[in-house]
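These notes concern the structure reproduced below.
In the working numbering, the protein residues as written are 138 to 277.
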């Protein structure tokens, strides 16, 4: 049994974006914006861990296996977060299947990213291929 979060359908219009009604927006701007998206909140709070435990209980009740995937960000952004190792340790200690794609696939910031947190089309294609291969070669 698999659990899937629903994507919101939305109608996003911007001159630099392609309108796609499936829960994401494809940027038509192909340049790497090195000064954008280079900071994110990087602090694991106890409340978040409590919610994780509650979600785990609900999933177990439904017979659903939780699988964690950490999508890639630029190397500079990833290494700037001191909580990455703590998060890896917490998830691993709980016995979850966990795939940190920051350490699984080799992406180049200026080639595969639109900014610090968003893959461009080339990056999306590599990431999608890696996730699909993972799903096809992993028993759940």
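Idealized CB from N, CA, C, for every residue including glycine.
All figures in this text were calculated on a predicted structure; none of them were measured in a lab.
| Item | Value |
| --- | --- |
| For residue 234, the residue or residues it bridges with in DSSP | 204 |
| Residue 289 - containing alpha helix (DSSP H), residue span | Because residue 289 is not part of the residues shown, which for the chain are 138 to 277, the question remains open. |
| Beta carbon of residue 215 nearer than 8 Å to that of residue 239 | yes |
| Three CB pairs or more closer than 8 Å across the segment 218-233 and the segment 178-188 | yes |
| Inter-residue spacing [alpha-carbon to alpha-carbon] between residue 255 and residue 198 | 34 Å |
| Distance between residue 223 and residue 210 (C-alpha atoms, nearest Å) | 17 Å |
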